[in-house]
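Numbering (my numbering), first residue to last: 1477 to 1588.
Here is the structure:
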């Protein structure tokens, strides 16, 4: 497959993993089979525009975001998505659990 297909497949995999989704989960949401999604991620199959649109919607990104392969922007977006995911977990915790999580984060920050 061409470079665009390879980049698209890598971007789909990156966004899927960043959201903590399995191939099966994303495939189900996008209305395709998990093996087909795997082939798209490995750039072994050319997806239709409709399939790409369903994948983008399932990942909660626009088509233009899915096709923007700017690595500097990706790094910033990755960081923000991770922070947002951590924040969502923290909001669902009790205050005591949040304090424990903060202690763990402080320990991890010291190791970095």
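Heads up, the beta-carbon is just placed ideally off N, CA and C, and yes, glycines get one too.
What does the alpha-carbon distance come out to for the pair residue i and residue j?
{"i": "residue 1567", "j": "residue 1576", "result": "13 Å"}
{"i": "residue 1489", "j": "residue 1539", "result": "15 Å"}
{"i": "residue 1579", "j": "residue 1561", "result": "18 Å"}
{"i": "residue 1545", "j": "residue 1524", "result": "19 Å"}
Are residue i and residue j close, meaning C-beta to C-beta below 9 Å?
{"i": "residue 1502", "j": "residue 1534", "result": "yes"}
{"i": "residue 1499", "j": "residue 1514", "result": "yes"}
{"i": "residue 1584", "j": "residue 1495", "result": "no"}
Considering only residues of the same chain and omitting the five flanking positions on each side of residue i, which have a CB-CB separation below 7 Å?
{"i": "residue 1505", "result": "1534"}
{"i": "residue 1481", "result": "1519 and 1522"}
Quick check on the burial criterion: 16 or more other C-beta atoms within 10 angstroms. Buried or exposed for residue i?
{"i": "residue 1532", "result": "buried"}
{"i": "residue 1559", "result": "exposed"}
Return the chain-ordered list of same chain residues with a C-beta closer than 8 Å to the C-beta of residue i, the five sequence neighbours on each side being excluded.
{"i": "residue 1542", "result": "1484, 1487, 1488, 1491, 1528, 1531, 1532 and 1535"}
{"i": "residue 1537", "result": "1491"}
{"i": "residue 1509", "result": "1503"}
Just to check, is the beta-carbon of residue i closer than 8 Å to a non-hydrogen atom of the ligand GTP?
{"i": "residue 1583", "result": "As presented, the structure is devoid of all ligands, the ligand GTP included, so that no description of it is given."}
Notebook entry, point to check: Using 8 Å as the threshold, is the stretch 1509-1522 in touch with the stretch 1477-1494, meaning 3 or more CB pairs across them?
Noted result: These segments touch.
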